[in-house]
Amino acid sequence: MIEEKDTAAAVAPHGVPFLAGRDTAPAYWAFGVLWVVLADSEQTGGAFSVMEQWMPSDGGPPPHVHPIDEWFNILEGSIEFRVEDEPPMRATAGDSVWIPRGTVHSFTTKSAAHVFNGYTPAGFEQVIMGLGTPAERRELPPEDLGFEPRAAAQLMDNFWSASADTGWAKKWIQ
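Position 144 of the sequence shown, counted from 1, bears residue number 144 in full-length UniProt numbering, the numbering being contiguous throughout.
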């Protein structure tokens with residue numbers, strides 16, 4: 001006889017149901033991007049986080065790897081993803097991209113882009129909330145917005161993710 005196990009308790013996030021609206025959820029400017037935190041680790045019991053992002057053309061992180069799964073759903077625009085040693089993948093509106101934890105990846109926006117971005121387990125939203133500036137408006141950050149590349153690079157290199165070959169510091173600290 002095969003024993004049935006109750007797996008719902010193992011995968012269901014702890015917490016209470018919630019509604020997050022784009023216009024009322026906390027928003028931050030960081031790394032030249034507008035981030036709206038729709039679900040954070042506290043709300044989901046650490047199971048996952050979801051953010052909505054508006055990114056300018058020609059933006060994106062250097063090659064990096066982290067211990068969490070990440071997915072993108074492209075709502076508008078075009079993004080070129082580089083994953084491990086595979087040929088680049090071009091994702092456009094309506095496409096979804098899944099990056100499993102431990103996978104070296106990077107991306108470049110080929111046009112202004114609007115995406116939903118999710119992480120499991122949760123936690124990356126804490127980086128954005130910690131380094132970002134609360135957004136005064138729901139638009140891309142002003143170009144003269146202050147940015148502390150050394151603090152950001154150190155956090156990204158040492159706390160949240162391990163960079164691949166180039167490292168965040170090499171990209172942001174010249």
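The C-beta atom is built at its ideal place from N, Cα and C for all residues, glycine as well.
All values derive from a computational prediction rather than experimental measurement.
- By a beta-carbon distance limit of 8 Å, Gly132 does not contact Trp54. Their separation comes to about 13 Å.
- It is roughly 9 Å from the alpha-carbon of Val16 to the alpha-carbon of Gly45.
- Below 8 Å, too few C-beta pairs join the segment 94-107 and the segment 15-34 to call them touching: fewer than three.
- Ser49 is a Cβ neighbour of Glu125, given a cutoff of 8 Å.
- From the listed residues Thr120, Ala20 and Ser111, the smallest Cα separation to Pro56 is found for Ser111.
- Bridge partners of Arg82 according to DSSP: Ser106.
- Considering only Ala25, Arg82 and Glu42, the residue with the shortest C-alpha distance to Ala122 is Glu42.
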